Amino acid sequence: MMYPLQWSQKAGLEESDQFCDLYGLDAEILSAIPRPVKAIIFVFPYTEARSRRTAEDNRIAREGGPKIDENVFWMKQTIHNACGAMAMMHSFANAEVTLKPGSVLEEFFERCRGNSITRRSQIFEEMPEFSDIHASVADAGQSVMPLTDDHPDQAYCAFVSAPGQGSTGFRVIELDGGRAGPVDYGECTDLLNDVARIVREQFMDKNPSVLYSMMYLGQPM
């Protein structure tokens with residue numbers, strides 16, 4: 756998908772890192788991807804997965820779950836059908852990437868510094884530059900992550916690696932602005948391999964579909 760690549764570059768991501776398509780989850784393909792993989796965007800069928808994810812959020816609210824490191828950046832999605840943009844923002848915020856000085860991304864994260872989750876979402880809404888970037892990519896004829904009033908068939912989330920609490924090492928964290936908060940998927944030993952396993956077990960095995968796709972943030976093959 757060209758949209759994340761062009762969107763991120765227009766928003767201010769330095770070209771030393773970029774979003775690249777992942778064409779399969781076979782071990783041979785995964786081993787060929789340059790490391791480190793800094794974040795992963797996962798695209799999945801909306802309707803079936805959302806019902807299961809809502810149930811999981813309710814269970815976590817009742818029973819609790821692993822404590823997420825307070826430095827993990829997450830914000831609630833408040834713009835209709837902006838899950839693609841949210842996935843990119845969560846990727847940039849929680850990965851070691853370089854932003855262009857004076858870029859809209861640099862301004863956004865600077866304005867978010869020290870602010871609450873609610874205020875972060877408000878800041879995103881208040882910056883028309885993001886909508887302008889979306890429109891410019893669409894005008895260029897690229898297939899875009901939808902920002903319309905009709906719900907798409909697919910949804911987007913990000914996976915990142917973040918420090919665990921205490922001495923638990925690094926953890927795989929899912930970031931989806933449409934959920935109740937970040938979700939801890941367990942120990943992270945290799946982000947790409949770990950997410951590939953999670954995707955197979957939690958999504959593909961439960962709901963075979965042609966609508967799945969993945970992109971990684973890092974160096975192209």
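Heads up, the sequence shown is in my numbering, so the first residue is 756 and it goes up one at a time.
No residue lacks a Cβ here, since even glycine has one placed at the ideal position from N, Cα and C.
None of these values were measured; they are calculated from a predicted model.
Sub-8 Å separation of residue i and residue j beta-carbons
i: Ala-850; j: Leu-972; result: yes
i: Met-969; j: Ile-796; result: yes
i: Ala-935; j: Leu-860; result: no
i: Asn-962; j: Leu-785; result: no
i: Val-927; j: Val-950; result: yes
i: Gln-909; j: Val-798; result: yes
i: Ala-848; j: Phe-864; result: yes
i: Ala-804; j: Ala-913; result: no
i: Met-976; j: Pro-789; result: yes
Limits of the unbroken beta strand (DSSP E) element including residue i
i: Leu-777; result: 773-777
i: Leu-972; result: 968-973
i: Leu-768; result: No beta strand (DSSP E) holds Leu-768; DSSP gives it neither H nor E.
i: Arg-874; result: Not the beta strand (DSSP E): Arg-874 falls in the alpha helix (DSSP H), residues 872-881.
i: Gly-941; result: 938-942
i: Arg-808; result: Premise fails: Arg-808 lies in the alpha helix (DSSP H), 801-818, not in any beta strand (DSSP E).
i: Leu-930; result: 925-930
Residue i versus residue j - alpha carbon distance
i: His-941; j: Glu-769; result: The residue asked about is misnamed: residue 941 is Gly in this sequence, not His. Going from the Cα of Gly-941 to the Cα of Glu-769 covers about 30 Å.
i: Leu-810; j: His-845; result: Checking the sequence shown, residue 810 turns out to be Ala, not Leu. Each residue's alpha carbon lies about 23 Å from the other.
i: Thr-843; j: Asp-772; result: Thr is not the amino acid found at residue 843; the sequence shown has Met there. Answer to the nearest angstrom: the Cα atoms are 13 Å apart.
i: Leu-946; j: Val-792; result: 7 Å
i: Gly-869; j: Glu-783; result: 43 Å
i: Leu-930; j: Asp-812; result: 13 Å
i: Arg-808; j: Phe-828; result: 20 Å
i: Cys-867; j: Thr-923; result: 28 Å
i: Leu-902; j: Arg-952; result: The pLDDT assigned to Leu-902 is 45, lower than 50, so where the model puts this residue is not dependable; a value taken from the coordinates is nonetheless given after this. If I take the Cα positions, the gap works out to 30 Å.
i: Glu-825; j: Gln-974; result: 28 Å
i: Gln-957; j: Val-965; result: 16 Å
Per-residue DSSP class, three states only, for residue i
i: Ser-786; result: helix
i: Ala-913; result: strand
i: Val-950; result: helix
i: Asp-905; result: At Asp-905, the pLDDT of 49 sits below 50, so the modelled position is not reliable; the number obtained from the coordinates is stated separately. Three-state result, Asp-905: coil.
i: Ile-834; result: coil
i: Val-892; result: helix
i: Arg-955; result: helix
i: Ala-794; result: strand
Exposure label - residue i; buried when at least 16 CB within 10 Å
i: Tyr-778; result: exposed
i: Pro-937; result: buried
i: Ser-763; result: buried
i: Ile-872; result: exposed
i: His-835; result: exposed
i: Asp-905; result: Residue placement at Asp-905 is flagged as unreliable, the pLDDT there being 49, under the threshold of 50; a coordinate-derived value is accordingly withheld.
i: Ser-876; result: buried
Limits of the alpha helix (DSSP H) - the one that residue i falls within
i: Phe-863; result: 859-867
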